[in-house]
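A.B. asks: Before we start, here is the structure in question, set down as structure tokens.
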Amino acid sequence: MWTASAGLRPYLLFMTFCTAAIGVFEAFLFSMLGQVVDWLGKTEPADLWTSQRGNLALLAAILVASPLVVALQALLKHQAMAGNFPMLLRWKFHRLMLSQSYSFYQDEFAGRVATKVMQTALAARDVWMIVADILVFVAIYIATLILIVGSFDLWVMVPFFGWLIIYAIAVKYFVPRLAKVAQQQADARSLMTGRVTDAYTNIATVKLFSHTKREAG
Numbered sequence: 040m041w042t043a044s045a046g047l048r049p050y051l052l053f054m055t056f057c058t059a060a061i062g063v064f065e066a067f068l069f070s071m072l073g074q075v076v077d078w079l080g081k082t083e084p085a086d087l088w089t090s091q092r093g094n095l096a097l098l099a100a101i102l103v104a105s106p107l108v109v110a111l112q113a114l115l116k117h118q119a120m121a122g123n124f125p126m127l128l129r130w131k132f133h134r135l136m137l138s139q140s141y142s143f144y145q146d147e148f149a150g151r152v153a154t155k156v157m158q159t160a161l162a163a164r165d166v167w168m169i170v171a172d173i174l175v176f177v178a179i180y181i182a183t184l185i186l187i188v189g190s191f192d193l194w195v196m197v198p199f200f201g202w203l204i205i206y207a208i209a210v211k212y213f214v215p216r217l218a219k220v221a222q223q224q225a226d227a228r229s230l231m232t233g234r235v236t237d238a239y240t241n242i243a244t245v246k247l248f249s250h251t252k253r254e255a256g
């Protein structure tokens, strides 16, 4: 997977940084909103800016910066990564497949090889997108939230750690099984595509030596 990211690593790193910043912003925003409610309960509205000028300026900066970071992260995700990543990998895989021997292609469906090239590129792209987008966001968001909540009372952190343990157990149980099923489905799709593609490619031979009622067999 690391080799597959060659050429796009700066974009992946920058996207990961933006995702982490979004997670920190969202977790910190909830904390700041709670503090604003506390300030309003203890301070007259007319004196709020005077007594909490620095904190309010920080909150305003977060509110302004957060949409900009979200827009930048979305730009990197959809413009730099979503389309370019799989196409770059497909050309790399295509060059590798061209270096295979003649006997290799004698024992393989051309359609299956093409499908594997297309599917593997998308799968590699999806793995990196999940790591750089979803996994980083959840990890940073939960970690920041735990630190903020723990600053009030350490016992409040217990449910979060309990949820993390249950989540880790669920991931350990389900992910290997889902990976196995996904591999079987990918192999079945590539085999079907290979047979259909080769049938259409060699349709003259199919029509010459078979009959309409037997062609599907």
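Per this note's numbering, numbering through the sequence shown is continuous, rising by one, with the last residue being 256. Heads up, the beta-carbon is just placed ideally off N, CA and C, and yes, glycines get one too. Quick caveat, the model's predicted, so the values are computed rather than measured.
1) Could you tell me the boundaries of the alpha helix (DSSP H) in which D172 lies?
2) Buried or exposed for T150, going by 16 or more other Cβ atoms inside 10 Å?
3) Assuming M54 and L107 make a contact with CB atoms under 8 angstroms, what is their CB distance in whole Å?
4) Can you tell which of A66, V76, W78 has the C-alpha that lies nearest to the C-alpha of I329?
5) Kindly confirm or deny that the stretch 46-60 and the stretch 163-173 touch, where touching means at least three C-beta pairs closer than 8 angstroms.
6) Excluding the 5 residues preceding and the 5 following N241 in the sequence, name in chain order all residues of the same chain whose CB lies nearer than 8 angstroms to its CB.
7) Using C-beta distances below 7 angstroms, list every residue in its chain close to S90, excluding the 5 sequence neighbours before and after it, in chain order.
8) With 16 other CB atoms within 10 Å as the buried threshold, where does K211 fall?
9) Where D146 and A43 are concerned, what is the direct C-alpha to C-alpha distance, given to the nearest angstrom?
10) What's the call for I208, buried or exposed, on a 16-neighbour Cβ count within 10 Å?
11) For L193, report the span of its alpha helix (DSSP H) as first-last.
12) Hey, out of I204, V109, F213, I187, whose CA is closest to G73's CA?
13) State the DSSP-derived secondary structure class of A121, mapped to helix, strand or coil.
14) For L203, name the three-state secondary structure that DSSP assigns.
15) When the Cα atoms are used, what is the spatial distance from A243 to D237?
16) Which residue's Cα is closest to the Cα of L230: A153, L98, V214, I205?
17) Figure out for me which residue from M136, A178, A121 has the closest Cα to the Cα of A163.
18) Run the CB neighbour count on P198, radius 10 Å, all protein chains shown included, and call it buried at 16 or more, exposed below.
19) Tell me which same chain residues have a C-beta within less than 6 angstroms of the C-beta of L111, skipping the five on either side of it?
20) If we ignore side chains and look at the alpha-carbon of each, how far apart do L272 and I185 end up?
21) Which of the three DSSP states is assigned to T89 in this structure?
22) Go to F53, then tell me how far its alpha helix (DSSP H) extends in each direction, as first and last residue.
C.D. replies: Taking the coordinates as given:
1) It is not in any alpha helix (DSSP H) - D172 carries neither H nor E in the DSSP assignment.
2) Note that residue 150 is Gly in the sequence shown here, rather than Thr. With 16 or more other Cβ atoms within 10 Å, it is buried.
3) Between L107 and M54 the Cβ distance is about 15 angstroms, and since that is not below 8 angstroms, they are no contact.
4) Absent from the structure is residue 329, since the part of the chain shown begins at 40 and ends at 256.
5) yes
6) none
7) T82
8) exposed
9) 27 angstroms
10) exposed
11) Here L193 belongs to no alpha helix (DSSP H), and DSSP marks it neither H nor E.
12) I187
13) coil
14) helix
15) 11 angstroms
16) A153
17) A121
18) exposed
19) C57
20) Since the first and last residues shown for the chain are 40 and 256, residue 272 lies out of range.
21) helix
22) 48-81
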